[in-house]
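Asks:
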Amino acid sequence: MSQPYFCLHGHFYQPPRDDPFTGKMPREAGAEPYHDFNVKITAECYRPNALLGNFGRISYNIGPTLAKWISENDPLTFETIIKSCRQHKKKYGVSNALAQPVHHTILPLARLRDKLAQVKWGVVSFEHRVGCKPHGMWLPETAVDYETLDVLAAAGIRFTILSDEQVQGDLSQGPGPYLVKLDSGRSIAIFVRDRFLSNQLSFDIGRYPNSQAWVSSALAGHTKGLKLLATDGETFGHHHRGAEHFLHDLLWRDLPKAGFEVTTLERYLDEHPPTVEVDIIEYSSWSCGHGVARWLTGCECTLGDSRWKGALRRALDIRAGEIDRVYADVARECGAEPWLLRDDYIDVKMGRLDEQAFLTAHGLEHLTSDAAQRLLLMLEAEFYRQRMFTSCAFFFEELTRFEPRYAIANAAKAIELVKNATGDDLSDGFRRDLAVVVSTRVGVTGTEIYDAIIASARTNGHVPHDDLVQEPDKSVALASVA
Ligand SMILES: [Zn+2]
0 MSQPYFCLHG HFYQPPRDDP FTGKMPREAG AEPYHDFNVK ITAECYRPNA
50 LLGNFGRISY NIGPTLAKWI SENDPLTFET IIKSCRQHKK KYGVSNALAQ
100 PVHHTILPLA RLRDKLAQVK WGVVSFEHRV GCKPHGMWLP ETAVDYETLD
150 VLAAAGIRFT ILSDEQVQGD LSQGPGPYLV KLDSGRSIAI FVRDRFLSNQ
200 LSFDIGRYPN SQAWVSSALA GHTKGLKLLA TDGETFGHHH RGAEHFLHDL
250 LWRDLPKAGF EVTTLERYLD EHPPTVEVDI IEYSSWSCGH GVARWLTGCE
300 CTLGDSRWKG ALRRALDIRA GEIDRVYADV ARECGAEPWL LRDDYIDVKM
350 GRLDEQAFLT AHGLEHLTSD AAQRLLLMLE AEFYRQRMFT SCAFFFEELT
400 RFEPRYAIAN AAKAIELVKN ATGDDLSDGF RRDLAVVVST RVGVTGTEIY
450 DAIIASARTN GHVPHDDLVQ EPDKSVALAS VA
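Residues 0 to 481 (numbering that gives the first Met the number 0) are what the sequence shown spells out, left to right.
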């Protein structure tokens, strides 16, 4: 540690907003002249940073739902990012990209089998898109508990990043890495970000005329060891227009000029294995001063009455339990172990296996076509049931925003799939529980949002009209998974 090192981790992510019934992104007000914010932020941030080569000098993760969108809608940008990642691996022997649980779920609030699915799906999605196994994983909102860390370690993840307020013990080694020992006998390395400097770059970058000025001010006197900043990647170009050039100058010119070695996390971990053991503060995160209350009960992190958050989570949790019960029964009737099969279903979603090959790989090729169809519909229901829990639904202050609507829409999609598969109708209970999910700001309930989603899906032909519903309607079933 005889010289100063610098690492910037960028968390690149957007709340998913595609309609689960149509798969399409809605046109978004405020994104003009672009169709939606994904297009706008690609133009302002992802593409320019890729073209400048910045992804090759930072540590980063791209949320799998965003990575899917970029790879399909701006393949050149995505290929440029992956190419710089491959070059990093070729030069240093390790990747500079981290994986992420696939649906950005607050994992401490998820049951163990959902943690396992989110991490496994995140790993497979990373392997599929990046072409190597991930050794680091970014936790959504850096929300953490020991069980989550153990799931990561069991999946071959060597390290994650937390914020300094989430770790306790001897932190005299600054960002570490530190060792966290787990009850299972496994362990994982924890990097600790510098909260003050990370926030300074995130929120005050505009106060510095150039990156040289920031280096002189922020890093003066740092002569050895690592400085680790972690922030939203969209800081560079979207939140601050033109800041992709700030980042480029910082990484390629001003840090080296000031004597810093620009590094990435796995490189640093290999050169400086952890020697000090620390404890984590469970149920903490980088974006809520009240632990994980922001995504559970609501807290003062968002203005006004946020009691709808607890009510929405309860409505979703109850549906998740019901969907799981129906699915597990269907899977067991087919002679399958439900949760291993569900975890492996990511291979179908990523296009690695078609449905028939997937069934054959799990010894289920003997199923009748009705039984196979029922099982595949329930696996689809399990997929949308995972999407219900994206953290973004609970992040903001208002129930009628797009993000909570997305959670309810995915629950509606999962409920439709269950109905198509088995005839079980979970919608009455959902509508009842959504009645107490209330936006006191505008006087709208979750039930009204759900009914509007179903009415829109009916208009588009994605949900049958009530008088057309037979039990179970196979033609509708097929249409909804197409
Ligand atoms: Zn809070």
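Backbone N, C-alpha and C fix where the C-beta goes; we use that ideal spot for every residue, glycine too.
Can you tell me the Cα-Cα spacing of R157 and R185, whole angstroms?
Replies: Mapped onto the sequence shown, residue 157 falls at position 158. Mapped onto the sequence shown, residue 185 falls at position 186. Going from the Cα of R157 to the Cα of R185 covers about 10 Å.
Asks: So is the beta-carbon of H289 under 7 Å away from any non-hydrogen atom of ligand 3?
Replies: Ligand 3 is absent from the structure shown, which contains only ligand 1.
Asks: If contact is defined by three or more beta carbon pairs under 8 Å, each pair taking one atom from either stretch, is the segment 58 to 78 in contact with the segment 120 to 138?
Replies: Below 8 Å, enough C-beta pairs join the segment 120 to 138 and the segment 58 to 78 to call them touching: three or more.
Asks: Going by the DSSP bridge assignment, what does D278 pair with across the sheet?
Replies: Position 279 of the sequence shown, counted from the start, is the residue given in the question as residue 278. In DSSP, D278 forms a bridge with Q167.
Asks: Per DSSP, which one or two residues make a beta bridge with G224?
Replies: Numbered from its first residue, the sequence shown carries residue 224 at position 225. In DSSP, G224 forms a bridge with P3.
Asks: For V277, collect the residues of the same chain with a Cβ closer than 6 Å to its Cβ; drop the 5 residues on either side in sequence, then sort them by chain order.
Replies: The residue given as residue 277 occupies position 278 in the sequence shown. Within the same chain, V277 has close Cβ partners V166, G168, Y177.
Asks: Give a single yes or no on whether E332 has its beta carbon closer than 7 Å to a heavy atom of ligand 1.
Replies: Sequence index remark: in the sequence shown, residue 332 carries index 333 (1-based). Not so, every heavy atom of ligand 1 lies at least 7 Å from the Cβ.
Asks: For the alpha helix (DSSP H) that contains K90, what are its first and last residues?
Replies: Taking the sequence shown and counting its residues from 1, one reaches residue 90 at position 91. Taken as a continuous stretch (DSSP letters only), the alpha helix (DSSP H) holding K90 covers 74 to 91.
Asks: Can you tell me the Cβ-Cβ gap for H461 and T159, rounded? I've got them flagged as a contact below 8 Å.
Replies: Translated into positions along the sequence shown, residue 461 becomes position 462. Translated into positions along the sequence shown, residue 159 becomes position 160. About 38 Å separates the CB atoms of H461 and T159; that is not less than 8 Å, and the two are not in contact.
Asks: Less than 7 Å between C-beta atoms, sequence neighbours within five positions excluded: which residues of the same chain meet that for K39?
Replies: The sequence position of residue 39 within the sequence shown is 40, counting from 1. Result list for K39: A30, Y33, in chain order.
Asks: How long is the line joining the alpha carbons of V261 and H247, rounded to whole angstroms?
Replies: Taking the sequence shown and counting its residues from 1, the one referred to as residue 261 is at position 262. Taking the sequence shown and counting its residues from 1, the one referred to as residue 247 is at position 248. Each residue's Cα considered, the two are about 12 Å apart.
Asks: Do R194 and ligand 1 come close, with the Cβ less than 7 Å from some heavy atom?
Replies: Here residue 194 corresponds to residue number 195 of the sequence shown, with the count starting at 1. No, the beta carbon of R194 sits no closer than 7 Å to any heavy atom of ligand 1.
Asks: Take the Cβ of E243 as the centre, count every other Cβ of all protein chains shown within 10 Å, and call the residue buried at 16 or more, exposed below.
Replies: For the purposes of this step, residue 243 is taken as residue 244 along the sequence shown, with counting starting at 1. Counting Cβ neighbours within 10 Å, E243 comes out buried, since at least 16 surround it.
Asks: Report yes or no: do three or more beta-carbon pairs, one from the segment 83 to 99 and one from the segment 311 to 325, lie closer than 8 Å?
Replies: no
Asks: So the beta strand (DSSP E) N60 belongs to, where does it begin and stop?
Replies: Counting from 1 along the sequence shown, the entry for residue 60 is found at position 61. Looking at the DSSP string, the run of the beta strand (DSSP E) that includes N60 is 58 to 61.
Asks: Can you give the Cα-Cα distance for T439 and E402, rounded to whole angstroms?
Replies: Indexing the sequence shown from 1 puts residue 439 at position 440. Indexing the sequence shown from 1 puts residue 402 at position 403. When rounded, the distance between both Cα atoms is 17 Å.
Asks: Which residues share a DSSP beta bridge with Y177?
Replies: For this step, residue 177 is matched to residue 178 along the sequence shown. Partner(s): I189.
Asks: Taking its Cβ as the centre, do 16 or more other Cβ atoms sit within 10 Å of L254, making it buried, or is it exposed?
Replies: Reading the sequence shown from its first residue, position 255 is the one you call residue 254. Buried, since its Cβ has 16 or more Cβ neighbours within 10 Å.
Asks: Give me whichever residues DSSP pairs with G135 in a beta bridge.
Replies: As a working note, residue 135 is residue 136 in the sequence shown. Answer by DSSP bridge pairing, in chain order: F158.
Asks: Using only the heavy atoms of ligand 1, determine whether one of them is closer than 7 Å to the beta carbon of C391.
Replies: In the sequence shown, residue 391 corresponds to position 392, counting from 1. Every heavy atom of ligand 1 is 7 Å or more from the Cβ of C391, so no.
Asks: Are G288 and T296 close, meaning C-beta to C-beta below 8 Å?
Replies: For the purposes of this step, residue 288 is taken as the residue at position 289 of the sequence shown. For the purposes of this step, residue 296 is taken as the residue at position 297 of the sequence shown. Cβ atoms of G288 and T296: not closer than 8 Å.
Asks: Contact between the segment 302 to 316 and the segment 73 to 83 is defined here as three or more beta-carbon pairs at a separation below 8 Å; is this criterion met?
Replies: Taking 8 Å as the limit for Cβ pairs, the verdict is that the segment 73 to 83 does not touch the segment 302 to 316.
Asks: Taking the straight line between their C-alpha atoms, what separation do you get for L358 and K119?
Replies: In the sequence shown, residue 358 corresponds to position 359, counting from 1. In the sequence shown, residue 119 corresponds to position 120, counting from 1. In a straight line, the C-alpha of L358 is about 19 Å away from that of K119.
Asks: Does the beta-carbon of E299, which I'm using as the reference point, lie nearer than 7 Å to any heavy atom of ligand 1?
Replies: Indexing the sequence shown from 1 puts residue 299 at position 300. Yes, the beta carbon of E299 sits closer than 7 Å to at least one heavy atom of ligand 1.
Asks: Determine whether the beta carbon atoms of V143 and I279 lie at a separation below 8 Å.
Replies: Along the sequence shown, one-based indexing puts residue 143 at 144. Along the sequence shown, one-based indexing puts residue 279 at 280. Taking 8 Å as the Cβ cut-off, V143 and I279 qualify as a contacting pair.
Asks: Closer than 7 Å to a non-hydrogen atom of ligand 1 - does that hold for the CB of A292?
Replies: For this step, residue 292 is matched to residue 293 along the sequence shown. Yes; taking the cut-off as 7 Å, the Cβ of A292 has a heavy atom of ligand 1 nearer than that.
Asks: Between the segment 412 to 423 and the segment 371 to 387, do three or more beta carbon pairs fall short of 8 Å?
Replies: yes
Asks: Beta-carbon within less than 7 Å of G362's beta-carbon, same chain only, minus the 5 sequence neighbours each way: which residues are those?
Replies: Here residue 362 corresponds to residue number 363 of the sequence shown, with the count starting at 1. Cβ neighbours of G362 beyond the five flanking positions: none.
Asks: By DSSP, does G241 sit in helix, in strand, or in coil?
Replies: As a working mapping, residue 241 is identified with position 242 in the sequence shown. Residue state, collapsed to three classes: coil.
Asks: Between which two residues does the alpha helix (DSSP H) containing H127 stretch?
Replies: The sequence position of residue 127 within the sequence shown is 128, counting from 1. Here the alpha helix (DSSP H) through H127 covers 111 to 129.
Asks: Using CA atoms only, rank isn't needed, just tell me which of Q13, E71, P25 is closest to C44.
Replies: Here residue 44 refers to the residue found at position 45 when the sequence shown is read from its first residue. The candidate whose alpha carbon is nearest that of C44 is Q13.
Asks: Answer yes or no: do L228 and L7 have a C-beta to C-beta separation smaller than 8 Å?
Replies: Residue mapping note: residue 228 aligns to position 229 of the sequence shown, counting from 1. Residue mapping note: residue 7 aligns to position 8 of the sequence shown, counting from 1. Result yes, Cβ atoms of L228 and L7 sit closer than 8 Å.
Asks: Kindly give me the distance between the Cβ atoms of R312 and D432, rounded to whole angstroms, as I take these residues to be in contact under 8 Å.
Replies: Position 313 of the sequence shown, counted from the start, is the residue given in the question as residue 312. Position 433 of the sequence shown, counted from the start, is the residue given in the question as residue 432. Their Cβ separation, rounded to whole angstroms, is 10 Å, which puts R312 and D432 out of contact at 8 Å.
Asks: For L339 and E354, which I take to be in contact (beta-carbon distance under 8 Å), what is that distance rounded to the nearest angstrom?
Replies: Within the sequence shown, numbered from 1, the residue matching residue 339 stands at position 340. Within the sequence shown, numbered from 1, the residue matching residue 354 stands at position 355. Going by Cβ atoms, the distance from L339 to E354 rounds to 17 Å, so no, they are not a contact pair.
Asks: Where S83 and G236 are concerned, what is the direct C-alpha to C-alpha distance, given to the nearest angstrom?
Replies: As a working note, residue 83 is residue 84 in the sequence shown. As a working note, residue 236 is residue 237 in the sequence shown. Each residue's alpha carbon lies about 19 Å from the other.
Asks: Tell me where the alpha helix (DSSP H) around W338 begins and ends.
Replies: Against the sequence shown, residue 338 aligns to sequence position 339. First-last of the alpha helix (DSSP H) with W338: 337 to 343.
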